[in-house]
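*Asks:* Numbering (our numbering), first residue to last: 4 to 549. Before I ask anything, let me first share the structure, which is written out below as C-alpha cells.
Written as C-alpha cells, this is what we have:
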C-alpha cells in the first residue's frame, strides 16, 4: 500500500484496563458519558478475556491476536530455572498490530500500551507502557524528549510522586498521568498523521487495587479517562473507534486460596525460613491492624499499641500496601524495630517461603494461574523424573480439583493440563497445570501460610469478561454474541480492508467482512532483559510480586 492509496479514515483503539459493565454500573449515571455512548451507539458487548486474565499477558494477546502459547507471555515474570525477570516486549514473540500495518504501508501511533518496551522499528511512533522503565526507550529515538518539550511533563508511573504522598495527591497524580497520555497521543497523531492509533489507560485498573473502597477515587479516574477519549475523538474525527478492555474487575465473596500451603501439607512443596526478614507482602493491612495475641504484645513495655504499631496501623489506614510499607521501613532502617513488635507467629508465617529446588511442584506466580512441576532435565535441580511427569501431573490435578473452600464450594472450576488451554510453540513455557478459580470468586496467592484458606486481602478481583465496543461511520448499534479478546487484532486489520494473519487465533467481528487469512512475515527476534528495578517496586506495591 503506497502513500497515494492510504485509506482516508483512521481507526483508533482506546484501551481501558478492567473496564466492564460491572464497573460502569457502579459509577454515577453521568460519569463516563463518552464510553457509555460508544457502547450504546456502536456494536458492543462483553468481551471474553483469556487465561490468565491479567494485564501483562492479555494486552499482548489483544495486539497480536494470538494466545499466550504463540506469543509466550503468561504473566509479569519470565522464568529461567528458578530465577525470573519482568517481561518486556522482546518476550512477546509475535508481531504487534502496528508492525503488521507497517508492512502494509500504514502508519501508527501507540501510547502507553503494556509490554511494548523496548519498541520495535515500524512506520510511526511509540511511547511504551506498563513494564517499561520510568524513562523508557521510545520509537523513534528521542521521541519522549520531543513529547515533553511539546506538552510538558510525561510520566509512566504515578509512583514517581513522593513516598509520603497523601490520598488526594495520589488520586490527583492518576488524573495528571491520564491527561498526559491524552496530550501525548493527540500531539503525536497531529505530528505523524497516522492511519492507526492505540492508547491504553492503566489507572482504571490500578485505582481498584490502590483504593479498593474509595468510590470517589474510582469516579475521578474514570471521568478523567473519559474526558481524554472525548477530546481525542473530537480532535481526530476517526472513521472507526474501538473501546476495549483486557478483563473485568469486581467484588468477590470467596477466600484467599493458597495452593502452596495445600501442596506443602501434602508433601509436594518444601519450605524454608532461611531469611533475615519476612516477606512484607504477607504482613497484610488486616494483620497489621490486629492486636498482638501471642505474647509479644508487651514488647513496647505496656499493654497498649507501641509507637511502631501505631505507625503501621496509620500507614495501612491511608491505603499503603504492605509492600510499600516494607520498602519505606527498610529505607528508614526501621524494619528490624518493627519485627520486635509484630507477633512472632505472623513473622514466621511471613518468612516461610517455597524452596523451589527441593519441591516436587509449586505455584510460582499467582498471576499465571498455574502449578509448575520441578522436572528433572528442565529445571536446574529438578527432582521429578520425566517418566513420572504425567503421573505426578495427574495426581496434582486430582488433588486441586477436589479442593473445597470452608463453605464447601469448589476452589477451582477447572484444573487442566496446559496444552488443553494453550496452543503454539511456547506452550512449554506455561505452568504445567492451569487452575481457574471458580467464577474468579477466589483470590489466589503463591504465598505459604499456616492454612490453605484465609480472608481476602482486598475486595476486588479480576473477572473473565471485559468490554468491547466498535463505533463509527456506517456502524449500527448492536450486540456481540461471543466476542473474544483474540478477535480484536483481526478486526482492526479488517477495518482497513486487510486480511487477518494466518497465525491469528481470533476472528473478524461484524460489522467488518472477513477475507481469507494471509501469511504475514514471521516474527524473528531475540529475548533480552531490561532494567527491572522500578517496575518491580511498582508490581510489588500492587501485590503482583509476593
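Backbone N, C-alpha and C define an ideal beta-carbon position, used for all residues, glycine too. Please read all numbers here as calculations on a predicted model, not as lab measurements.
Do you know offhand how far residue 297's Cα is from residue 387's?
*Replies:* Low local confidence applies: a pLDDT of 37 at residue 297 is under 50, so the model's placement there is unreliable, with the coordinate-based value given in what follows. Each residue's Cα considered, the two are about 39 Å apart.
*Asks:* Between which two residues does the alpha helix (DSSP H) containing residue 67 stretch?
*Replies:* Segment 58-67, the alpha helix (DSSP H) holding residue 67.
*Asks:* Identify every run of the beta strand (DSSP E) within the segment 147-212, keeping only runs that are complete inside it and at least 3 residues long; order them along the chain.
*Replies:* Counting whole runs of 3 or more residues, the segment 147-212 contains the beta strand (DSSP E) stretches 199-204.
*Asks:* Note the first and the last residue of the continuous alpha helix (DSSP H) segment covering residue 522.
*Replies:* Residue 522 -> no alpha helix (DSSP H), and no H or E assigned at all.
*Asks:* Can you tell which of 43, 365, 199, 72 has the C-alpha that lies nearest to the C-alpha of residue 479?
*Replies:* Cα-wise, what sits closest to residue 479 is 43.
*Asks:* What span of residues does the alpha helix (DSSP H) with residue 234 cover, start to end?
*Replies:* 218-239 is the extent of the alpha helix (DSSP H) around residue 234.
*Asks:* Please report the straight-line C-alpha distance between residue 48 and residue 60, rounded to a whole angstrom.
*Replies:* Rounded to the nearest angstrom, the two C-alpha atoms are 22 Å apart.
*Asks:* Should residue 259 be listed as close to the ligand COA, given that the test is whether its C-beta is under 6 Å from any heavy atom?
*Replies:* Among the ligands in the structure shown, none appear at all, so the ligand COA cannot be discussed.
*Asks:* When DSSP labels each residue in this structure, what does residue 23 get in the three-state scheme?
*Replies:* Looking at residue 23 - three-state DSSP - the assignment turns out to be coil, as it is neither helix nor strand.
*Asks:* If you draw a straight line from the C-alpha of residue 143 to the C-alpha of residue 520, how long is it?
*Replies:* About 30 Å.
*Asks:* Output yes if chain B places a C-beta closer than 7 Å to the C-beta of residue 413; else output no.
*Replies:* The displayed structure is made up of one protein chain only, and chain B is not part of it.
*Asks:* Rounded to a whole number of angstroms, what is the C-alpha to C-alpha distance between residue 391 and residue 355?
*Replies:* Roughly 28 Å between the two C-alpha positions.
*Asks:* Please report the Cβ distance between residue 97 and residue 526, rounded to the nearest whole angstrom; I am assuming they are in contact, meaning their Cβ atoms lie under 8 Å.
*Replies:* Sure, about 5 Å apart at Cβ, within 8 Å.
*Asks:* So if DSSP puts residue 474 in a beta bridge, which residue, or which two residues, is it bridged to?
*Replies:* Answer is 244, bridged to residue 474.
*Asks:* Any contact of the segment 33-40 with the segment 216-231, i.e. 3+ C-beta pairs under 8 Å?
*Replies:* Result yes; three or more Cβ-Cβ pairs closer than 8 Å.
*Asks:* Pick helix, strand or coil for residue 413, following the three-state DSSP scheme.
*Replies:* Reduced to three states, the DSSP call for residue 413 is strand.
*Asks:* Do you know offhand how far residue 396's Cα is from residue 422's?
*Replies:* Using only the alpha carbons, I get a separation of about 12 Å.
*Asks:* Between the segment 430-440 and the segment 192-204, do three or more beta carbon pairs fall short of 8 Å?
*Replies:* Contact between the segment 430-440 and the segment 192-204 is absent, because fewer than three Cβ pairs lie under 8 Å.
*Asks:* Write down the C-beta distance between residue 134 and residue 89 rounded to the nearest angstrom, noting that I regard them as a contact closer than 8 Å.
*Replies:* Yes, they are in contact, since the Cβ atoms of residue 134 and residue 89 sit about 6 Å apart, within 8 Å.
*Asks:* Using a 10 Å radius around the Cβ and a threshold of 16 neighbouring Cβ atoms, would you call residue 407 buried or exposed?
*Replies:* Result: exposed.
*Asks:* Spatial neighbours of residue 477 within its chain, please: C-beta separation below 6 Å, excluding the five flanking residues on both sides.
*Replies:* Cβ within range, chain order: n/a, list empty.
*Asks:* List the DSSP bridge partners of residue 447.
*Replies:* Its beta-bridge partners are 260.
*Asks:* Among 263, 414, 418, which one has its Cα closest to the Cα of residue 363?
*Replies:* Checked all of 263, 414, 418; the closest Cα to residue 363 is 263.
*Asks:* Per DSSP, what kind of secondary structure is residue 405 in: helix, strand or coil?
*Replies:* In this structure, residue 405 counts as coil in the three-state DSSP scheme.
*Asks:* Would you say the segment 61-68 touches the segment 410-422, given that touching needs at least three Cβ pairs under 8 Å?
*Replies:* Counting Cβ pairs under 8 Å, fewer than three are found: no touch.
*Asks:* Between which two residues does the alpha helix (DSSP H) holding residue 129 run?
*Replies:* Unbroken run through residue 129 is the beta strand (DSSP E), 127-130; no alpha helix (DSSP H).
*Asks:* In or out: residue 83 buried (at least 16 other Cβ within 10 Å) or exposed?
*Replies:* Burial call: exposed.
*Asks:* If you run the structure through DSSP and keep just helix, strand and coil, what is residue 118?
*Replies:* The answer is coil: DSSP assigns residue 118 none of H, G, I, E or B.
*Asks:* Could you pull out every residue in the same chain whose Cβ sits closer than 7 Å to the Cβ of residue 529, ignoring the five residues on either side in sequence?
*Replies:* These residues qualify, in order along the chain: 93.
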